[in-house]
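If you're matching positions, the sequence shown starts at -1 in my numbering and goes up one per residue.
Just so it is clear, CB atoms sit at the ideal spot from N, CA and C, and this is done for glycine as well.
Only one structure is covered here, and it is reproduced in the block below.
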Amino acid sequence: MYSFLNKYGQALAFGIGVLITIIFLASIFSADETTLDMLLANDKSPEAYETGIFNFGIYISVILTALAFIVAVIFGVVQMASNPKGSLKGIAGLVVLLLILFIGYSTASGEVTDPEIANAIEKFETSQEATITPGNLKFISGSIITAVVMIGLAILTLIVFGIRGLFK
């Protein structure tokens, strides 16, 4: 299997991507004339949101993302099992990431202080008939804090290794 994927894997992936794209475009362009006219006119009526011509693209994207995630987890576990000593850096990185996420979640508050954000949440809840709880807000805020910390660490790493490379 490995030698087959090594030899034909890229061509196979490209071919599957082209096939999926052709099927998706065919599903869009095979819609009836009124649906296409409504979409091309950028109509904001409720009927425009009830079309199902994009469903294939959405479903296949979700399926391929889930498949990629599952395969990545499986290959990660196999790699860790086959080389546990070499996996220590990856495990340490994952632990640090989870620690930063935990700290970000712990320091976030579940309360809205900005009136613009409160207004946006109210509009979202009204239009989507959903409720955003303080736990949701805490998770979102913690994720944003984590992302900002990770971006800062990435920039710091680039600077440190750039300066280190000058002196090598």
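Length of the line joining the Cα atoms of residue i and residue j
{"i": "residue 145", "j": "residue 71", "result": "22 angstroms"}
{"i": "residue 47", "j": "residue 36", "result": "10 angstroms"}
{"i": "residue 85", "j": "residue 75", "result": "10 angstroms"}
{"i": "residue 123", "j": "residue 129", "result": "6 angstroms"}
{"i": "residue 69", "j": "residue 3", "result": "14 angstroms"}
{"i": "residue 15", "j": "residue 50", "result": "21 angstroms"}
{"i": "residue 135", "j": "residue 119", "result": "10 angstroms"}
{"i": "residue 87", "j": "residue 25", "result": "46 angstroms"}
{"i": "residue 79", "j": "residue 73", "result": "10 angstroms"}
{"i": "residue 133", "j": "residue 104", "result": "11 angstroms"}
{"i": "residue 43", "j": "residue 138", "result": "31 angstroms"}
{"i": "residue 161", "j": "residue 153", "result": "12 angstroms"}
{"i": "residue 81", "j": "residue 147", "result": "30 angstroms"}
{"i": "residue 23", "j": "residue 56", "result": "12 angstroms"}
{"i": "residue 12", "j": "residue 93", "result": "35 angstroms"}
{"i": "residue 64", "j": "residue 131", "result": "27 angstroms"}
{"i": "residue 10", "j": "residue 66", "result": "15 angstroms"}
{"i": "residue 61", "j": "residue 166", "result": "46 angstroms"}
{"i": "residue 150", "j": "residue 97", "result": "16 angstroms"}
Assigned secondary structure, residue i (DSSP; H/G/I helix, E/B strand, else coil)
{"i": "residue 118", "result": "helix"}
{"i": "residue 127", "result": "coil"}
{"i": "residue 35", "result": "helix"}
{"i": "residue 40", "result": "coil"}
{"i": "residue 155", "result": "helix"}
{"i": "residue 102", "result": "helix"}
{"i": "residue 9", "result": "helix"}
{"i": "residue 170", "result": "No answer is possible for residue 170: the residues shown for the chain start at -1 and end at 166."}
{"i": "residue 1", "result": "helix"}
{"i": "residue 139", "result": "helix"}
{"i": "residue 150", "result": "helix"}
{"i": "residue 29", "result": "coil"}
{"i": "residue 22", "result": "helix"}
Nearest-angstrom Cβ-Cβ length linking residue i and residue j, presumed shorter than 8 angstroms
{"i": "residue 143", "j": "residue 106", "result": "6 angstroms"}
{"i": "residue 99", "j": "residue 140", "result": "7 angstroms"}
Extent of the continuous alpha helix (DSSP H) to which residue i belongs
{"i": "residue 73", "result": "53 to 80"}
{"i": "residue 110", "result": "Note, residue 110: premise wrong, no alpha helix (DSSP H); not H, not E."}
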